[in-house]
Each structure stands twice: as C-alpha cells, then as structure tokens.
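Residue numbers (the numbering used here): -6 to 157.
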Amino acid sequence: MNDSFDISYYESPIGLIQIKSINQKICSVLFVEKETEPFTIDTPLNKECIRQLKEYFAGTLHVFNVPHYQIGTDFQQRVWNEVEKIPYGDTATYGMLAYRLGDSKSVRAVGTSNGKNQLAIIVPCHRVIGSDGHLTGYAWGIDKKEWLLKHEIEHSGPVEGRLF
C-alpha cells in the first residue's frame, strides 16, 4: 500500500490548484498561491483529475467521476455527500442541507463541515449559500465562489427556483 501523496498542479482560470491523491483516490483539490512541493507526480489518476477540471472550466463537464475520498467525521461525510447532490448551476442553503440531514438545528455544524471540505469544485461547497441568497463563507475567497457560480449558471441554462 502506498502511503505517500502523489501531487500535481493545474493552473485554472481562477488560480493555481494543487491535486493530491493517495491509494488511487483524489484526497485533496485546493486553491494554492504557489507550488510548494519540489517534486510533482502526474499519475494517471491526477492527470484524469486535471482533464476533468479542464473540462469543468470549459463548461462541458458538470459532474466529476474521479474516485475521491476525504477524512472526516461521520457527520462531515454526510454533509459532503449532500453537497455533492447539489446540481451543477444550482445552489442550496446551509439550512436546506441541515434539513436534508434530518436536523434543521445543525445549520452551524453544516457550515463548519462545509468549510472543512478539501475537495474544492469536486465536492462543490461553492454551491452552498446563505439563507438570504447571499454568498457566505468560502475558504478560497468569495470572489472565487462568485466566479464558480456565475460560470456554472452561464453553462447550465435556467434552473427553476435558483437562489443565486
């Protein structure tokens, strides 16, 4: 079993993305300021992730299918699974996610879990917005969140009941 990360970088239209994989699963997709690893390993899996990211940014890929996993509590896993169900070009509120998880009072815990997502874009935490429709919280900045949402809206067509 391989216990070290394979790391690649992709220069996206909105910034540099670092991709990490281990044991044939993508475990991290993060916006970074610069390449921090002296050696990168462009494995077939990392190359496939980059290919899918390129298609996403071209507006032609709406659902990622690279194998991925991130470490988290059972609750975090449940939140991230719900976030993955938010359709491309659509949004959901933290309250909606809490309700879907069966505890409408867990809004803050949902927000905290969403903020710990290590798989930017693949687990589309940018699609989660405030209850009033405003953009709130995004680890890589509201400007990136807004860009991603506008990009998806531009490439998805009308969505009934869209909040953003």
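Each residue gets a CB set at the ideal place from its N, CA and C atoms; glycine is no exception. From a predicted model like this one, the values you see are computed outputs, not experimental measurements.
Backbone CA spacing between residue i and residue j [nearest angstrom]
i       : j      : result
Val116  : Glu77  : 5 Å
Gly123  : Tyr87  : 7 Å
Ile146  : Ile114 : 14 Å
Gly8    : Lys143 : 16 Å
Ala102  : Ile19  : 25 Å
Ser(-3) : Ile15  : 6 Å
Asp(-1) : Leu23  : 14 Å
Lys137  : Gln17  : 28 Å
Ala91   : Val72  : 8 Å
Gln11   : Glu30  : 10 Å
Tyr62   : Lys109 : 13 Å
Check whether residue i and residue j have beta carbons under 8 Å apart
i      : j      : result
Gln69  : Val59  : no
Gly52  : His148 : yes
Thr33  : Ser5   : no
Leu128 : Ser21  : no
Gly104 : Gly130 : yes
As assigned by DSSP and simplified to three states, the class of residue i
i       : result
Ser(-3) : coil
His55   : coil
Thr105  : helix
Ile122  : strand
Ala113  : coil
Tyr87   : helix
Tyr92   : helix
Ser97   : coil
Check whether the stretch 32 to 48 touches the stretch 78 to 85, counting contact only when three or more Cβ pairs, one atom from each stretch, lie closer than 8 Å.
Contact between the stretch 32 to 48 and the stretch 78 to 85 is not established, with fewer than three Cβ pairs separated by less than 8 Å.
At what residue ranges does the stretch 9 to 65 contain a whole run of the alpha helix (DSSP H), taking only runs of 4 or more?
The alpha helix (DSSP H) runs lying completely inside the stretch 9 to 65 and spanning 4 residues or more are 37 to 51, given in chain order.
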